[in-house]
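Visitor: Please see the structure below; I have some questions.
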Amino acid sequence: MSAAERFEMIVIGSGPAGQKAAIQAVKAGRSVLLVERDRGVGGACVHRGTIPSKTLRETASFLGGMKERGEGVFEVHLPEQVKVASLTTRLRRVIDAHQGFISRQLDRNQIVTAHGRARFLGPKEIAVRTIQGEEKTYQADHIVVATGSTPRVPPNVPIDHEHILDSDSILSVNYLPQSLVVLGGGVIASEYASIFASLGVQVVMVDKAPRPLAFLDADLSERFVKHFEGLSGSSYLGSQEVKEVRWDGVSAVETELADGTTLRSDKLLCALGRIANVADLDVAAAGLEVTSRGLLEVDDFCRTAVQSIYAVGDVIGPPALASSSMEQGRRAARHALNLPLGKGSEVIPAGIYTIPEISTIGLTEDQVIEAQGSAICGESNFSELARAQIAFCTDGHLKLVADAQGRRLMGAQIFGDGATELIHIAQMALLTDSDIDLFIENIFNFPTLAEAYRVAALEIVRKRPAPVSNLNPNPMERVL
Amino acid sequence: MRKLREEEKLDALPDPVHAYLAERIASKQLELPLLPDTTLQIVTLCRSEDADAAQLTELLHRDQSLAGNVLRIANSPISGSHEAIVSLQQAVSRLGLTRVREISLAASVEGLIFDCGARKHLVHKLWSHCLTAALIAKEIARHRRENVEEAFLCGLLHDMGKPVLVQALFEYEKAEEQKLGDQCFSLAFEEFHAGVAGILIKEWGLPQQMSEAITCHHDWAKAEQARVQAAIMNLADYQAHKLQGTLKKLTGEFDAAVLEELNIYPEDLEALEAKGERILEYVEAMMR
Ligand SMILES: Cc1cc2nc3c(=O)[nH]c(=O)nc-3n(C[C@H](O)[C@H](O)[C@H](O)COP(=O)(O)OP(=O)(O)OC[C@H]3O[C@@H](n4cnc5c(N)ncnc54)[C@H](O)[C@@H]3O)c2cc1C
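Protein chains in written order, with my numbering: chain A, 1 to 480; chain B, 481 to 768.
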């Protein structure tokens with residue numbers, strides 16, 4: 001083996017976490033090697049995760065919306081080929097564009113890339129095996145592991161990528177099945193279930209939890225279920241244990257549940273969690289261990305138990321989002337290079353790209369009650385908004401949670417079109433410790449969905465405990 | 481009687497034959513086998529939202545040879561069925577629409593290959609190669625964690641240009657009153673079969689991506705929309721020849737860049753090749 005090539009930092013994995021770590025380090029003038037085992041850069045985020053699923057969602061939502069928008073004035077009947085072709089053609093285009101953008105960014109920053117599978121030889125040394133089967137070694141003072149995750153395959157679900165798919169192979173659909181069973185009740189399961197249901201596929205979601213998206217307010221997940229069950233005869237089967245999944249050898253996937261029910265469907269999508277990509281890495285050679293859940297453990301700065309090694313992104317577990325992975329990559333690189341970290345924010349929005357979208361930030365009503373004894377909430381139904389009527393998106397809802405006095409904003413939850421964008425208004429208000437009155441005293445564009453903030457804020461103001469003096473007049477009187 | 485002369489060694493397709501084929505292709509005068517009407521209707525029906533099993537069974541009943549082939553393939557290991565399928569109705573209800581679509585296409589393709597009039601052993605070899613390549617393509621797609629159905633169909637159809645060329649060369653022989661040697665056929669295949677198959681696939685109304693993948697299966701880097709599919713076909717084609725011991729017939733070296741395109745590491749290739757034995761068993765069972 002030839003002598004090891006030296007860099008100041010090695011980053012393994014070119015997903016959002018790895019990219020940000022590498023860019024941060026070159027911007028600080030360090031030499032960086034970025035290793036990626038796939039042909040293109042971008043990681044699961046670009047090729048099999050965030051970007052493709054969001055593109056499919058956008059197309060499904062558009063195609064699904066066309067029917068509604070016909071309003072009986074014109075009939076929209078899309079042949080299946082047209083639907084599938086519009087799904088896949090756009091998908092390719094969006095992925096290519098995004099990957100091109102990332103490659104150019106890496107080139108511009110003069111990041112050296114190596115295509116191959118990396119594994120540790122020691123705390124500061126790795127070997128990279130190329131497609132041609134050659135092996136090269138590299139050394140660096142700091143190594144950042146950003147190897148991401150892959151879909152988990154439970155032992156009772158024999159995934160064959162033909163009838164029984166995972167969240168990777170579902171992306172290459174070449175026709176729409178008539179029926180689909182989705183195992184799981186998390187974000188990925190709910191997103192794909194609603195995408196396919198909107199395209200006219202009969203979807204049955206099956207999960208252990210009594211309701212999907214269990215980490216959300218019950219109110220929000222109920223809204224999701226209600227909308228979902230109104231599509232193409234779809235349904236959510238909660239509190240269920242899957243005993244066995246099998247392809248019957250001829251025409252259907254059979255999902256046998258512990259209660260004796262057997263579901264039959266054209267296809268099945270298994271979305272029961274993801275596992276960290278550590279198998280290839282031989283972390284033991286660097287003196288590292290994985291946790292019982294197969295993750296790499298890190299401290300607040302994303303450093304592992306071995307001084308020279310950091311781990312970021314999906315490989316360290318929740319929240320396992322592209323957005324948080326990028327921030328972890330940036331932080332890890334800055335910490336490794338002794339650069340100031342800047343003020344990290346605890347206020348992170350959650351975006352769930354179901355149809356329609358769901359997004360939340362800050363505390364829920366229950367959490368505020370638990371902390372303060374009570375909370376004041378204001379709500380707005382999209383059906384009351386002119387913009388929602390115009391844009392055919394009246395099935396939506398925004399809820400603001402304020403403190404016990406109805407003054408400070410504590411959190412927001414939105415269900416409906418545009419939720420993942422709308423949430424950032426609440427985020428800015430939270431970051432600036434704003435008063436609820438902010439939403440009332442300022443003028444929003446009309447007609448917009450953002451008006452929902454104003455409607456909800458007005459309700460909170462109405463519910464405020466009566467003022468004890470005139471010093472703090474009710475702003476509603478000025479507005480109305 | 482004149483003794484059969486040892487066939488001359490040809491370096492390239494003789495000019496007149498080349499010109500004849502090129503002209504036929506350019507002027508769209510190739511006789512393209514029609515996808516049997518029934519198959520076409522089945523393909524269309526299976527894609528429409530309100531396809532129903534009764535209609536499908538009725539369509540199958542109209543074409544006796546297709547019906548027979550569907551039953552035969554439905555009972556072969558390729559369909560994965562564990563119980564004997566004896567009636568069309570049972571085949572349709574048990575196999576499902578997409579499966580029947582796939583099988584009808586396979587059955588039609590098989591029929592077309594066998595009807596092209598080429599010598600029996602050639603026809604036999606071609607069909608078994610197509611099946612092998614189809615099954616390998618499926619495994620490559622599976623390894624890439626992609627849906628495998630399209631890869632299978634591409635594999636099945638990738639050499640459909642050959643029977644078309646056989647027809648065209650027979651016509652040439654008739655017109656010129658001249659017998660062409662086996663080598664002439666091989667050279668014509670080499671140069672024209674992929675493009676002709678692409679034309680045929682388009683003519684049959686199958687997806688554009690599939691037509692591109694097949695047109696470019698020897699020159700995958702030229703594919704724009706279906707680069708990965710074309711690369712999968714290229715590798716599957718090579719591996720099928722390797723598995724069946726027909727590699728020497730291929731000209732040119734194996735293009736290692738295809739492994740890079742598909743991100744297949746040496747250990748992945750080994751795992752793929754380890755499935756060869758089973759694939760051959762399947763093919764064996766499928767052949768008449
Ligand atoms: C269907 C789906 C939808 C999603 N939607 C969203 C969303 O809407 N919003 C959001 O914020 N997040 C979303 N996510 C999550 C998001 O995609 C991930 O959190 C993010 O990609 C994690 O980034 P990462 O850099 O840690 O890992 P990855 O993006 O997984 O990248 C890791 C890279 O490391 C490479 N690698 C692994 N092992 C090695 C090795 N030994 N040698 C060399 N290279 C190696 C891999 O090939 C891969 O390219 C979604 C995920 C999925 C699956």
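Each residue gets a CB set at the ideal place from its N, CA and C atoms; glycine is no exception. Computed from a prediction, not measured in an experiment: that's the story for all the values here.
1. Shorter than 7 Å from the beta carbon of Glu-671/B to some beta carbon of chain A?
2. So, does the CB of Asp-748/B fall closer than 7 Å to a CB anywhere in chain A?
3. Do we get a CB-CB distance below 7 Å when we pair Asn-549/B with the residues of chain A?
4. Nearest to Thr-420/A by CA position, among Ala-279/A, Ser-53/A, Tyr-353/A and Ala-197/A, is which residue?
5. Given the structure, does Ala-311/A come close to ligand 1, in the sense that its CB is under 6 Å from one of the ligand's heavy atoms?
6. With distances taken from CA atoms, which of Ala-127/A, Thr-150/A and Gly-148/A is nearest Gln-139/A?
7. Throw me the rounded Cβ distance for the Leu-606/B and Lys-642/B pair, which I believe falls under 8 Å.
8. Determine the DSSP secondary structure at Val-628/B, reduced to helix, strand or coil.
9. Here's the rule I'm using: 16 or more other beta-carbon atoms within 10 Å means buried, otherwise exposed. How should Arg-482/B be labelled?
10. Are the beta-carbon atoms belonging to Ala-284/A and Ala-146/A less than 7 Å from one another?
11. Does the distance between the C-beta of Glu-36/A and the nearest non-hydrogen atom of ligand 1 fall short of 6 Å?
12. Less than 7 Å between the beta carbons of Gly-184/A and Ala-209/A, yes or no?
13. Below 8 Å on the Cβ atoms is my guess for Phe-650/B versus Gly-597/B; work out the distance and round it to an integer in Å.
14. So with CB distances below 7 Å, who are the chain A contacts of Val-628/B?
15. According to DSSP, is Phe-672/B part of a helix, a strand, or is it coil?
16. Which chain A residues are close to Asn-555/B, counting only those with a beta carbon under 7 Å from its beta carbon?
17. Give the straight-line distance between the Cα atoms of Cys-393/A and Gly-416/A, rounded to the nearest whole angstrom.
18. CA-CA distance, Leu-739/B and Leu-715/B?
19. Taking 7 Å as the threshold (beta carbon to beta carbon), is Ile-619/B in contact with chain A?
20. So what's Leu-33/A in DSSP terms, helix, strand or just coil?
21. Can you tell me whether Thr-519/B is helix, strand or coil according to DSSP?
22. Would you mind stating whether Ala-189/A and Val-182/A have Cβ atoms separated by less than 7 Å?
23. With DSSP collapsed to three states, give me the class of Ile-143/A.
24. Is Val-566/B buried or exposed, if buried means 16 or more other CB atoms sit within 10 Å of its CB?
25. Distance check for Ser-167/A and Glu-254/A, CA to CA, integer angstroms please.
26. Can you list, in chain order, the residues of its chain whose CB lies under 7 Å from that of Gln-570/B, leaving out five sequence neighbours each side?
27. Please tell me whether Leu-515/B has its Cβ less than 7 Å away from any Cβ of chain A.
28. Measure the CB-CB distance between Gln-689/B and Gln-705/B and report whether it falls below 7 Å.
29. Taking Ala-554/B as the reference, give the member of Glu-670/B, Ile-681/B, Ala-586/B and Arg-622/B with the closest Cα.
30. By a C-beta neighbour count over all protein chains shown, 10 Å radius and 16 as the cutoff for buried, is Lys-463/A buried or exposed?
31. Work out the CA separation of Val-368/A and Val-347/A for me, nearest whole Å.
32. Between which residues of its own chain and Arg-478/A is the CB-CB distance below 7 Å, once the five residues before and five after are set aside?
33. Under a three-way DSSP split, which group does Trp-607/B fall into?
34. Does ligand 1 have a heavy atom nearer than 6 Å to the CB of Pro-494/B?
35. Counting contacts by CB-CB distance shorter than 7 Å, is Glu-740/B in contact with chain A?
Guide: Judging by the given coordinates:
1. no
2. no
3. no
4. Tyr-353/A
5. no
6. Ala-127/A
7. 6 Å
8. coil
9. Caution is warranted here: a pLDDT of 35 is assigned to Arg-482/B, below 50, making its placement in the model unreliable, and the coordinate value is therefore given only provisionally. The residue in question, Arg-482/B, is exposed, as its Cβ has fewer than 16 Cβ neighbours within 10 Å.
10. no
11. yes
12. no
13. 6 Å
14. His-161 and Glu-162
15. helix
16. Those within 7 Å of Asn-555/B in chain A number zero; the least Cβ separation is about 11 Å.
17. 7 Å
18. 8 Å
19. The residue you asked about is not Ile; residue 619/B is Glu in the sequence shown. Glu-619/B does not count as touching chain A.
20. strand
21. helix
22. yes
23. strand
24. exposed
25. 19 Å
26. none
27. no
28. yes
29. Ala-586/B
30. exposed
31. 15 Å
32. Here the model assigns Arg-478/A a pLDDT of 45, short of 50, so the residue's position is not dependable and the matter cannot be decided.
33. helix
34. no
35. yes
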